[in-house]
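Asks:
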Amino acid sequence: MNKIRFWLVAAFATLSMAASAAVVVGAASTDEYVPLLKGKKVALLSNHTGMVGNEHVLDIMLAEGVNVTTIFSPEHGFRGTADAGEHVSSSVDEKTGIPIASLYDGKSRTPKKEVMDNIDIIVTDIQDVGLRYYTYYCTMVDLMNAAIAYGKEFMVLDRPNPNGMYVDGPILDMKYESGVGRLPITVVHGMTLGEIANMANGEGWLKDGKKVKLTVIKCKNYTHQTRYELPIAPSPNLPNMHSIYLYPSTCYFEATPVSLGRGTDKPFQVYGHPDMKGYSFSFTPRSIDGAKNPPQLDKLCHGVDLTGIPDEEVIARGINLEYLIDAYNNLGIGDEFFTSFFEKLIGNGEIRKMIEEGKSADEIKATWKDDVEKFKKQRKPYLLYAE
């Protein structure tokens, strides 16, 4: 019966990913991980993206007889509907009655002792998008540290990285370590969560340089050159692949007064401000699900629509600071343009200065070339898939 179920699950995984028909996510390989979980109390870090076809990994585990005692929920919550940074309360999963321990409740991102005492192993199955400031990997690292502290095992059911085709950006200067930057990696790291977990373990990046007992259930038929299209939007403001491909270039507007389209149907795909001049395109951010109080709420913003740029061009360019530089020059408000959050996002204290000095996007990009090459060499031993 279990073999039949495995093949059905794998078939659904394949059918649901038309653009990446051969790719099978780790969660589909029940024959590999279910035997390792049987007889153990399992905590699951996942959200709405933890799907295999039309079945959630939680339901798959329960049907296979796995004893899931706790669900950990990350930013945006277990159902993936909360705003970026919004505090999410702990609760109970309505379908299964399993307790949900929020790791994004605004109090602590470390599980309580009574939660950890009721588990033997933490399993992560969540869709990442491959950016250092996308917080799911930070939550995973927090749980790896908790597993070490309480003597628990750790498992990653791996999923492809939709931005896994390249590496770009400066390595995080750890003086800017924050909730949007936890490890000394490049902005676009090109790794899956399984590979990041391997690297954090191997490089001594976990607390006190300790290691967790780690198992990674790999994807099948995936390489770092696979153009993997996500079957489910990973968070409310990354609704499609174009937003995911532009995300490495437009997220920096989060540290400015400029709207990047939150509160519209084109988040991370447009930028504008009420005081920007000389543009024919305009939009008005509204309060909507996933963006209840977006920047420049209900104000007419003038700016640029990036939706017409071909995906291939966006990917080939990688991080493109031209958009940020354009808005900075147009508004003409000097250093008031940036908040301190910018350094946390870009991970480097020199980029803001170079923009203010009038350096071009290409000149700035050249300054982190050595970081990219260094990181590529450093990560190589931990890669699970061909480059």
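Numbering-wise, the sequence shown is residues -21 to -1, 1 to 366 according to mature numbering (1 follows the signal peptide of the UniProt record, and there is no 0).
Even for Gly, the Cβ is constructed at its ideal location relative to N, Cα and C.
#1: Tell me the residue span of the alpha helix (DSSP H) that contains Tyr250.
#2: So, with DSSP's three-state summary, where would you put His66?
#3: Return the first residue and the last residue of the beta strand (DSSP E) that Lys192 is part of.
#4: Starting from Gly282, trace the beta strand (DSSP E) both ways and give me its first and last residue.
#5: Which class does His35 belong to by DSSP, given the choice of helix, strand or coil?
#6: Taking 8 Å as the cut-off, does the stretch 309 to 327 touch the stretch 285 to 297 (at least 3 CB pairs, one atom from each stretch)?
#7: Just to confirm before moving on: does the CB-CB distance between Ala176 and Met123 stay below 8 Å?
#8: Taking DSSP's pairing of strands, which residues face residue 367 in a bridge?
#9: What three-state label does DSSP hand Phe260 in the structure shown?
#10: Rounded to whole angstroms, what's the CA-CA distance from Ser339 to Leu162? Just pull it up for me.
#11: Hey, how far is the Cα of residue 367 from the Cα of Ser222?
#12: Is the Cβ-Cβ distance between Gly169 and Val195 less than 8 Å?
#13: Just the C-alpha distance for Asp268 and Ile101, rounded to the nearest angstrom, thanks.
#14: Which residue comes first and which comes last in the alpha helix (DSSP H) that contains Asn124?
#15: Helix, strand or coil, according to DSSP, for Phe317 in the structure here?
#16: Output yes or no for whether 8 Å exceeds the beta carbon distance between Asp107 and Tyr115.
Replies: On the basis of the supplied data:
#1: First-last for Tyr250: 249 to 252, but that is the beta strand (DSSP E), not the alpha helix (DSSP H).
#2: Low confidence applies here, because His66 scores a pLDDT of 44, under 50, leaving its location unreliable; read the following figure in that light. In this structure, His66 counts as coil in the three-state DSSP scheme.
#3: Per DSSP, Lys192 is one residue of the beta strand (DSSP E) stretching across 192 to 196.
#4: 280 to 284
#5: Residue state, collapsed to three classes: strand.
#6: no
#7: yes
#8: Because residue 367 is not part of the residues shown, which for the chain are -21 to 366, the question remains open.
#9: strand
#10: 28 Å
#11: An answer regarding residue 367 cannot be provided, because it is not within the stretch -21 to 366 covered by the chain.
#12: Taking 8 Å as the Cβ cut-off, Gly169 and Val195 do not qualify as a contacting pair.
#13: 30 Å
#14: 115 to 129
#15: Coil at Phe317, not helix or strand.
#16: yes
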